[in-house]
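The listed protein sequences derive, respectively, from chains A and B. Straight run, no breaks: the first sequence in the working numbering ends on number 226. Straight run, no breaks: the second sequence in the working numbering ends on number 1226. See below for the structure under consideration.
Number of protein chains: 2
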Amino acid sequence: MKPTASTVRTDKASPVTTIRVAIVEDDEKIRNAYVQILEYAEGLECVGAFESCEAALKQLDDLLPDVILMDIQLPGMSGIEGVKQIKEFHPSIEIIMFTIYDDDENIFRSLCAGASGYLLKSSQPEDIIRAFRQIRSGAPMSASIARQVLNLVRQQSPISPDQFQLTDRENEILRCLVDGLSDKRIADKLFISPQTVHSHIKNIYEKLQVHSKSEAVSKALRSKLF
Amino acid sequence: MKPTASTVRTDKASPVTTIRVAIVEDDEKIRNAYVQILEYAEGLECVGAFESCEAALKQLDDLLPDVILMDIQLPGMSGIEGVKQIKEFHPSIEIIMFTIYDDDENIFRSLCAGASGYLLKSSQPEDIIRAFRQIRSGAPMSASIARQVLNLVRQQSPISPDQFQLTDRENEILRCLVDGLSDKRIADKLFISPQTVHSHIKNIYEKLQVHSKSEAVSKALRSKLF
DNA sequence: AATAAATTACCCTCTTTAGGGGATTGATAG
DNA sequence: CTATCAATCCCCTAAAGAGGGTAATTTATT
């Protein structure tokens, strides 16, 4: 992938074409306020403002927005469910969540659903405008959110391959266990006797502090050994 | 967590205290160039520039930088290993990777090691300066990197709880298997007979297309059922 | 009311596994 | 040189598991 402009500044980029924006937000005051902001922002055009995902979905084919600013807490379909639906039928539309929720759960589910940005409602108007201009190249999000996204990534694998001090052979056999092989099949695969396999497994059990294959497999996978 | 200013703009924030920055970069020209840039940037102070992690580690106790700009490809210890070491002994020091590598592997390993920012060397000088000012509240990264981080998060769990069409009871029992319980223990836990447990397990095997507990556990965990 | 699906339970047999010994070889480290 | 450790193999037994049935409930669903 070729790096393009950085996140940190894209605001100076003069848009060749106008970015078509839609808003889904149930609070009329907030909705109207942001319609105003968008209208006055150079290079942005507000092509629609809806109080629910259901209402928005009906008109997306006509409006063809480039980006949608999406609340999470909505009457009827939630914003996260809305993202899924919109992305399913209009995968090229970018979506920025716009919400008061800054918990891991909402962030994670939103991003998995297909959102590419995540702004808190406490954001400054200029941040929001900047986010629209950044969305094609980056993933604009509020600072505290970006931090939490980092943590989500880190959770994924604090890999520590040797926390159980397994020998190479034991690791090899544990891998076979994870593949669901029986002692006999492991023996055949590694050209050793089934008794030897059993010996190794006994040692693995001791090191992992487990007493069955399924426990060993579970511990191995949950410890992200494989 | 209380949301603070957004990533998208923190550059206007006038620093109350000067941010102490150190650089680890083996190319002398690049290193000196960025020392110059830092010296001229308001609110930033370059307190050290090193050509290797080893050299930097020796002096961190004296220099006490707030942020380190870290190359990945370095002679001796790699930048990623360097992050681990620095974070271990100085967890409060923030680290921004600064590299030509924009592949998933390097990004992922850097962030897991403890880096909080990730800039490509193609970044503009002002982006880099902005990144230092953002690092406390956010996670500054080049636009293309931010996009890839999103994908890393998304990979984590495209959960599909019912891809195997397990019944509630079967799911419950599969969960027990993943916890490493024997038929008998499952029976006790669910107040049913061991034979019933066995019946359910047989059905689970058919649905998951497996023939042993360890295979079932493996398939369940790898399919992110739990 | 009839059907289907889910849950429960039992029968059987044969294989596999868990856990307890002990023993040999080869390499590595003090 | 010897102690340690990894890897190999073997013995044993009791327990657990796999796979094949069948079948009575209950709970939707049609």
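All C-beta atoms, glycine included, are put in the ideal place defined by N, C-alpha and C. Being a predicted model, the structure only gives us computed values, none of them experimental.
Residue range of the alpha helix (DSSP H) that residue i falls in?
i, result
"residue 1132 (chain B)", "1125–1134"
"residue 120 (chain A)", "First-last for residue 120 (chain A): 117–120, but that is the beta strand (DSSP E), not the alpha helix (DSSP H)."
"residue 83 (chain A)", "79–89"
"residue 1206 (chain B)", "1194–1208"
"residue 186 (chain A)", "183–190"
"residue 28 (chain A)", "28–40"
"residue 1174 (chain B)", "1168–1178"
"residue 1215 (chain B)", "1213–1222"
"residue 69 (chain A)", "Element bounds for residue 69 (chain A): not the alpha helix (DSSP H) but the beta strand (DSSP E), 67–70."
"residue 145 (chain A)", "143–155"
"residue 55 (chain A)", "53–63"
I believe residue i touches residue j by the beta-carbon criterion, under 8 angstroms. Please report the beta-carbon distance rounded to the nearest angstrom.
i, j, result
"residue 1147 (chain B)", "residue 138 (chain A)", "6 angstroms"
"residue 78 (chain A)", "residue 97 (chain A)", "With 8 angstroms as the limit, residue 78 (chain A) and residue 97 (chain A) do not qualify as a contact, their Cβ atoms being about 11 angstroms apart."
"residue 1026 (chain B)", "residue 1091 (chain B)", "Actually they do not touch by this definition, with Cβ atoms about 25 angstroms apart."
"residue 1066 (chain B)", "residue 1086 (chain B)", "With a Cβ gap of about 12 angstroms, residue 1066 (chain B) and residue 1086 (chain B) do not count as contacting."
"residue 213 (chain A)", "residue 1189 (chain B)", "No, residue 213 (chain A) and residue 1189 (chain B) are not in contact; Cβ-Cβ is about 20 angstroms, not under 8 angstroms."
Could one say the Cβ of residue i lies closer than 8 angstroms to chain A's Cβ atoms, at least one of them?
i, result
"residue 1098 (chain B)", "no"
"residue 1163 (chain B)", "no"
"residue 1084 (chain B)", "no"
"residue 1087 (chain B)", "no"
"residue 1053 (chain B)", "no"
"residue 1185 (chain B)", "no"
"residue 1022 (chain B)", "no"
"residue 1193 (chain B)", "no"
"residue 1188 (chain B)", "no"
"residue 1110 (chain B)", "no"
"residue 1116 (chain B)", "yes"
"residue 1218 (chain B)", "yes"
"residue 1221 (chain B)", "yes"
"residue 1199 (chain B)", "no"
"residue 1147 (chain B)", "yes"
"residue 1047 (chain B)", "no"
"residue 1067 (chain B)", "no"
"residue 1139 (chain B)", "yes"
"residue 1210 (chain B)", "yes"
Taking 7 angstroms as the limit between beta carbons, can you name the residues of its chain near residue i, skipping five residues before and five after?
i, result
"residue 1199 (chain B)", "none"
"residue 1227 (chain B)", "One cannot answer for residue 1227 (chain B) here, as it falls past the ends of chain B, which runs 1001 to 1226."
"residue 203 (chain A)", "170"
"residue 1219 (chain B)", "1208 and 1210"
"residue 1186 (chain B)", "1173, 1176 and 1197"
"residue 1166 (chain B)", "1174, 1204 and 1207"
"residue 1039 (chain B)", "1046"
Under 8 angstroms, Cβ to Cβ, is there at least one residue of chain B near residue i?
i, result
"residue 8 (chain A)", "In this prediction, residue 8 (chain A) has a pLDDT of 42, which is less than 50 and means its spatial position is unreliable; nothing more can be read from the coordinates."
"residue 179 (chain A)", "yes"
"residue 43 (chain A)", "no"
"residue 143 (chain A)", "yes"
"residue 182 (chain A)", "yes"
"residue 31 (chain A)", "no"
"residue 156 (chain A)", "yes"
"residue 213 (chain A)", "yes"
"residue 79 (chain A)", "no"
"residue 92 (chain A)", "no"
"residue 150 (chain A)", "yes"
"residue 134 (chain A)", "yes"
"residue 153 (chain A)", "yes"
Excluding the 5 residues flanking residue i on each side, which residues of the same chain have their C-beta closer than 6 angstroms to its C-beta?
i, result
"residue 1084 (chain B)", "1113"
"residue 95 (chain A)", "68, 70, 83 and 115"
"residue 1009 (chain B)", "Residue confidence is low: residue 1009 (chain B) scores 40 on pLDDT, short of 50, so the model does not pin down where it sits. No coordinate-derived value is stated."
"residue 125 (chain A)", "37"
Grab me the residues of residue i's own chain with a C-beta within less than 8 angstroms of its C-beta, minus the 5 sequence neighbours each way, in chain order.
i, result
"residue 1035 (chain B)", "1023, 1046 and 1049"
"residue 183 (chain A)", "194, 197, 198 and 201"
"residue 1063 (chain B)", "1020, 1022, 1047 and 1048"
"residue 108 (chain A)", "152"
Mind checking whether residue i and residue j have CB atoms under 8 angstroms apart?
i, j, result
"residue 217 (chain A)", "residue 181 (chain A)", "no"
"residue 149 (chain A)", "residue 141 (chain A)", "yes"
"residue 73 (chain A)", "residue 99 (chain A)", "yes"
"residue 41 (chain A)", "residue 129 (chain A)", "yes"
"residue 1145 (chain B)", "residue 1120 (chain B)", "yes"
"residue 1031 (chain B)", "residue 1051 (chain B)", "yes"
Considering just the uninterrupted stretch of the beta strand (DSSP E) at residue i, what are its terminal residues?
i, result
"residue 22 (chain A)", "19–24"
"residue 108 (chain A)", "No beta strand (DSSP E) contains residue 108 (chain A), which is instead part of the alpha helix (DSSP H) from 104–113."
"residue 1045 (chain B)", "1044–1050"
"residue 1095 (chain B)", "1094–1099"
Is it the case that the CB of residue i approaches a heavy atom of the ligand NAP more closely than 7 angstroms?
i, result
"residue 88 (chain A)", "Of ligands this structure carries none, so the ligand NAP is not represented either."
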